[in-house]
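Here this note's numbering is used: the first residue of the sequence shown is 187, the next is one more, and so on.
The structure appears below as structure tokens.
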Amino acid sequence: MIPRDDASGVDQLILDSIAKWLARDVEPHAMRMEHADEYPHAMVEQMKALGLFGAMISTEWGGLGLSATTYAKVVTMISETWMSLTGIFNSHLMLAKCIEKFGTEEQKKKYLPKLVTGELRAGTALTEPDAGTDLQAIRTRAEKNGDYYIVNGSKTWITNGQQGHIFGLLVKTDITTDPPRKGMSMLIAEKGEGFSVSRKLEKLGYHGIDSAELVFENYKVSAADLIGGEEGKGFYHAVGGLELGRINVAARGVGIANRALKESVKYSQQRKTFGKQICKHQAIQLKLADMATKCEAARLLVESAAKAYDEGRRCDMEAGMAKYYASEAAVENSLEAMRIHGGYGYSKEFVVERLYRDAPLMTIGEGTNEMQRIIIARQLIERNPI
Ligand SMILES: Cc1cc2nc3c(=O)[nH]c(=O)nc-3n(C[C@H](O)[C@H](O)[C@H](O)COP(=O)(O)OP(=O)(O)OC[C@H]3O[C@@H](n4cnc5c(N)ncnc54)[C@H](O)[C@@H]3O)c2cc1C
């Protein structure tokens, strides 16, 4: 798919509509709903109307056809207001994008029109209790039996696990291959008999959205729902989706870092100590300057990774750098914002408390930052051989 030209003005209209929606329908409710860990059903309906469930899917299938560059801006804006909402459509888009990119024509026709409207809502189920970073160690098995696969195993931490209908399910179709990734496949798994949600997981932050454990007991998936119709490609499908996933997490990091800065710039002008606004104290100025510089650097890294993605270039290093830097910026800025707010930063009445709880997730999701640094280093060597 060729992303629409940014200069068309359509992307700006979409960004403007999202900004209005955030101010009118999200910001006034986000703090209460996040504290109550309440699923945002009404906001999901509004997200459907805004087209977010088809944001990066081609207009041919009814999607918005956004480039990764514009998509990253959308994710940053929403994360500034309430980061949890981005998980609802990003995990969904990872499966939709995987079907659009690698699926058979039948799979595209069957699933994409319902995915872009949000009639079917999706998630991506890779992680297992004993395998997160080391995806090749997954144990969920899919054994072929005529026209079906019989799936047994479990997945954990699956975003949209409770509320979603359909999942990109990474399984082993062959346990004898060396390396193991050659025996891995991705199935389109719709909820039904043999597929159960065993529990919703309690978390530090990222409230309002469901992270769940999924269990598969003799669960039947039609062979027609093997993505691309060919076994042994699942690892590549999963890793291919992670590049976009990393750009998305990086964009969320920028959103959190930006919001921490905005709250700090505002509060430091309101609060007075020793007869002057705290923004007039040099110690606070140094913090604000560091925070602003990190926001700008993180934004530019995300833009550069998204541009590489849009141009169809290999971008694991760029996405890794953006994800690593922006997520650390989110963690650092949210802590600095808390310090600038003094005791009030520790209060649930101020948004910086939420930013502080949400930020660390960005260092873990879509590949931990330790792994991002390893990916960056490997790429550096590969791209600069002597
Ligand atoms: C809120 C939330 C939502 C999530 N949503 C999803 C989802 O929708 N779908 C999904 O599939 N997963 C999801 N995950 C899972 C997430 O992707 C994993 O938690 C992540 O990949 C890390 O895996 P792990 O937790 O098993 O940690 P581990 O792999 O056990 O890693 C533990 C530590 O060891 C380090 N480490 C591991 N291997 C190496 C190595 N080779 N070199 C150096 N350090 C290493 C890691 O960096 C980490 O610090 C979610 C997680 C959370 C917390």
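Backbone N, C-alpha and C define an ideal beta-carbon position, used for all residues, glycine too.
Beta-bridge partners assigned by DSSP to Q463: K458. For Y510, the enclosing alpha helix (DSSP H) stretches over residues D502 to I526. Distances from the alpha-carbon of A443 to those of M269, K368 and Q455 put M269 closest.
Among the bridge pairs identified by DSSP, G354 is matched with T310 and I374.
Buried is the label assigned to Y335, since at least 16 other Cβ atoms lie within 10 Å of its Cβ. Here DSSP, grouped into helix, strand and coil, assigns L390 to coil.
In terms of side-chain proximity, the C-beta atom of I560 is found nearer than 7 angstroms to a non-hydrogen atom of ligand 1. The Cβ-Cβ distance between T310 and S340 does not fall below 8 angstroms. Looking at the DSSP output, V337 bridges to A328 and Y405. Checking the DSSP bridge columns, you'll see F381 partnered with F402. Here the alpha carbon of D333 sits roughly 16 angstroms from the alpha carbon of Q293. For L412, the three-state secondary structure derived from DSSP is strand.
The way I'd put it, the region 383 to 398 doesn't touch the region 352 to 367; fewer than three beta-carbon pairs between them come closer than 8 angstroms. Out of S253, R500, G237 and W247, the CA that lies nearest to the CA of V425 is found in R500.
Note on geometry: alpha-carbon atoms of A254 and A492 lie some 5 angstroms from one another. Of the residues R367, T359 and G350, the one whose Cα lies closest to the Cα of E399 is G350. For W268, the distance from the CB to the nearest heavy atom of ligand 1 is not below 7 angstroms. Contact check between the region 547 to 566 and the region 478 to 485: fewer than three CB pairs, one atom from each, fall below 8 angstroms, which does not count as touching.
Distances from the alpha-carbon of K406 to those of M372, Y542 and N331 put N331 closest. Set against 7 angstroms, the gap from the CB of I413 to the closest heavy atom of ligand 1 is not smaller. For Y495, the uninterrupted alpha helix (DSSP H) segment begins and ends at Q468 to D496.
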